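To start, the structure under review is shown below, and the notes come after it.
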Amino acid sequence: MPQPLNYLKETASQTAGPYVHIGLIPAMAGFDIFEKNFSNVLVTPNTKGERITLEGKVLDGTGTPLRDVLLEIWQANAAGRYNHPADRSAGALDDEFRGWGRAGSDFDSGLVTFETIKPGAITDRTGRKCAPHVNVWIVARGINIGLNTRLYFSDEEAANAADPVLNLIEQPIRRKTLIATRSERAGKVVYAFTINLQGPEETVFFDV
Amino acid sequence: MNAQAPALRDPRLNRPEPLTPPLGDGGFFQRDRAIHPPAHAPGYKSSVLRSPRQSLLSLENSISEITGPVFGHNDLGPLDNDLIRNYAKDGDPIGERIVVHGRVLDETGRGVPNTLVEFWQANAGGRYRHRKDTYLAPIDPNFGGCGRALTDDTGYYYFRTVKPGPYPWRNYVNSWRPAHIHFSVFGSGFAQRLITQMYFEGDPLIPVCPILTTIPDKDALDRLVAPLDLNASTPFDSLAYRFDIVLRGQRSTYFENRTAGN
Ligand SMILES: [Fe+2]
Chain H
13 MPQPLNYLKE TASQTAGPYV HIGLIPAMAG FDIFEKNFSN VLVTPNTKGE
63 RITLEGKVLD GTGTPLRDVL LEIWQANAAG RYNHPADRSA GALDDEFRGW
113 GRAGSDFDSG LVTFETIKPG AITDRTGRKC APHVNVWIVA RGINIGLNTR
163 LYFSDEEAAN AADPVLNLIE QPIRRKTLIA TRSERAGKVV YAFTINLQGP
213 EETVFFDV
Chain G
189 MNAQAPALRD PRLNRPEPLT PPLGDGGFFQ RDRAIHPPAH APGYKSSVLR
239 SPRQSLLSLE NSISEITGPV FGHNDLGPLD NDLIRNYAKD GDPIGERIVV
289 HGRVLDETGR GVPNTLVEFW QANAGGRYRH RKDTYLAPID PNFGGCGRAL
339 TDDTGYYYFR TVKPGPYPWR NYVNSWRPAH IHFSVFGSGF AQRLITQMYF
389 EGDPLIPVCP ILTTIPDKDA LDRLVAPLDL NASTPFDSLA YRFDIVLRGQ
439 RSTYFENRTA GN
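Shown next as structure tokens:
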């Protein structure tokens, strides 16, 4: 017998269930408990960068919006830098931007929104340029292990075409499942997205 | 990494400790999907229409997955880890008083410090304080059912609550959840993000739960069951349960491979 390695095993995932709001967004469950709450607003008035709204839905295999889904996003700041010690790239940190938020879908419409800024392009440790993107994590009743995907921006065509992750996707048509569409509404910039859990337009999910 | 390094003995466990190389900030260890429930698990009916059918695209961790949100004590309030007091209006909540404690570790056995742990649960009668829960068991006016804590430098966390009750749910006509507490854990990178549930030693509903039995690996299932920890109980006050949570380990970057010219 060789020497044992004895790594521990990761704890198994379990569904977040239908009442995930109690723990993560208690105001949506219908009560007020914490002094400080996490939310879908990532910006303060002093955050640097272009204000954007991310707005979308998560659809099940019949095309019906999930009305009990919870999304979290994690993104770089306007300079392309993550607010984390492992990111040693050159862009300036922004003290007014953690880069993370969470949102529950509306109980009637299923709509999910985030108020954030458009992230800058990222330079990976190998020096590769990566198109601006937002990392998305999805949990809900019926989702046994959180789903990881990304949102890219429709007005970044050249950067998207060169992005190393988008180019990992074999079928060009599936790359489109990760592109959020820019529009302007009452002077606000909105990026719309749809996440399809199943079906011919199933969103690309990553094993990170 | 030196493959010849002798395994140390952990006197508490009487087995070799896992090797803990210098803490790195490279990519995370490949997730072992065989210990997690599959996305499509027909015995848990809600998963059928909510499970991707294409293969997940394997993504070598980039800076986007290695990094993740950082939280601090400024994000929390002083009662956040005391579910007996954090929603009390005119007395304590009804139920068995318990402390839940443990460590958040990574797969190398190292404690994960300063990471956010959030938890939520039903009350002692199995009812959630949630606008969508209509179970006939009553709401407890003194119980909210949620809390959160930041691990200390060794990865240790604890909170106080009442033991949740089992509750019925619509899967089969007569499906009941074993008593459980939901946990959300961050780790240092977004690829470690994990939601799970803790169960209680000896609960006869565990082997027949359609959600718990989505886990294909018996040992992985057993690791979600918290033992009674009598040594950690407070005499004449509360029992204790111990629940350790293991997040993915992280590779060290021994050598940086940079593209020429960078
Ligand atoms: Fe539950």
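The listed protein sequences correspond, in order, to chains H and G. The opening position of the first sequence corresponds to residue 13 in the numbering used here, with each subsequent residue numbered one higher. The opening position of the second sequence corresponds to residue 189 in the numbering used here, with each subsequent residue numbered one higher. Here a beta-carbon is modelled for each residue, glycine too, at the ideal position from N, C-alpha and C. Please read these numbers as outputs of a predicted model, since none were measured by experiment.
Span separating the alpha-carbon of residue i from that of residue j
i, j, result
"I327 of chain G", "S363 of chain G", "21 Å"
"S101 of chain H", "D407 of chain G", "41 Å"
"W112 of chain H", "Y164 of chain H", "16 Å"
"G116 of chain H", "L82 of chain H", "4 Å"
"R411 of chain G", "T23 of chain H", "7 Å"
"E80 of chain H", "P30 of chain H", "Glu is not the amino acid found at residue 80 of chain H; the sequence shown has Asp there. When rounded, the distance between both Cα atoms is 6 Å."
"I286 of chain G", "S421 of chain G", "8 Å"
"A192 of chain H", "T56 of chain H", "23 Å"
"Q210 of chain H", "Q15 of chain H", "44 Å"
"M189 of chain G", "Y19 of chain H", "Interpretation of M189 of chain G is limited by its pLDDT of 36, a score under 50 that renders its predicted location unreliable; no figure is taken from the coordinates."
"L237 of chain G", "L245 of chain G", "20 Å"
"P415 of chain G", "S195 of chain H", "54 Å"
"G265 of chain G", "G335 of chain G", "10 Å"
"P144 of chain H", "I399 of chain G", "37 Å"
"K48 of chain H", "I254 of chain G", "27 Å"
"N419 of chain G", "V201 of chain H", "57 Å"
"R63 of chain H", "Q218 of chain G", "36 Å"
"P240 of chain G", "D425 of chain G", "47 Å"
"V32 of chain H", "G214 of chain G", "31 Å"
"L409 of chain G", "I34 of chain H", "24 Å"
Reduced DSSP secondary structure (H/G/I, E/B, other) of residue i
i, result
"S166 of chain H", "coil"
"V361 of chain G", "coil"
"R187 of chain H", "helix"
"D407 of chain G", "helix"
"R100 of chain H", "coil"
"S484 of chain G", "With chain G covering 189 to 450 only, the question about residue 484 of chain G has no answer from this structure."
"M40 of chain H", "helix"
"S234 of chain G", "helix"
"D198 of chain G", "Unreliable positioning characterises D198 of chain G in this predicted model, as indicated by a pLDDT of 42, which lies under 50. A coordinate reading is not provided."
"F109 of chain H", "coil"
"T384 of chain G", "strand"
"E213 of chain H", "coil"
"E295 of chain G", "coil"
"T322 of chain G", "coil"
"A193 of chain G", "Residue placement at A193 of chain G is flagged as unreliable, the pLDDT there being 38, under the threshold of 50; the coordinate-derived value follows with that caveat. Coil."
"T161 of chain H", "strand"
Among the options, nearest to residue i - alpha-carbon criterion
i, options, result
"G377 of chain G", "H:E214, H:F165, H:A98 and H:I134", "H:A98"
"P352 of chain G", "G:P366, G:Y360, G:R358 and G:P225", "G:P366"
"S252 of chain G", "H:T74, H:L66 and H:Q87", "H:Q87"
"S25 of chain H", "G:N419, G:T401 and G:L416", "G:T401"
"R93 of chain H", "H:E169, H:F218, H:K60 and H:D219", "H:K60"
"I134 of chain H", "H:P176, H:L17, H:V124 and H:D167", "H:P176"
"Y345 of chain G", "G:D268, G:P404 and G:D321", "G:D268"
"A310 of chain G", "G:A222, G:G297, G:W357 and G:Y429", "G:W357"
Exposure of residue i, with buried meaning 16 or more beta-carbon neighbours within 10 Å
i, result
"S250 of chain G", "buried"
"N58 of chain H", "exposed"
"K69 of chain H", "buried"
"D106 of chain H", "buried"
"S372 of chain G", "buried"
"A173 of chain H", "exposed"
"P261 of chain G", "For the sequence presented, residue 261 of chain G should be read as His rather than Pro. The residue in question, H261 of chain G, is exposed, as its Cβ has fewer than 16 Cβ neighbours within 10 Å."
"N95 of chain H", "buried"
"K141 of chain H", "exposed"
"E389 of chain G", "exposed"
Cβ of residue i within 9 Å of any chain C Cβ
i, result
"A227 of chain G", "Although the question refers to chain C, the structure presented lacks it and instead comprises the protein chains H and G."
Inset, instruction - Determine, using beta-carbon pairs with one atom in the segment 379–386 of chain G and one in the segment 421–436 of chain G, whether at least three such pairs fall under 8 Å. - result: yes
Inset, instruction - Pair every Cβ in the segment 291–307 of chain G with every Cβ in the segment 275–283 of chain G, then say whether three or more of these pairs are closer than 8 Å. - result: no
Inset, instruction - May I ask you to verify whether the segment 298–306 of chain G touches the segment 332–350 of chain G, counting CB pairs closer than 8 Å and requiring at least 3? - result: yes
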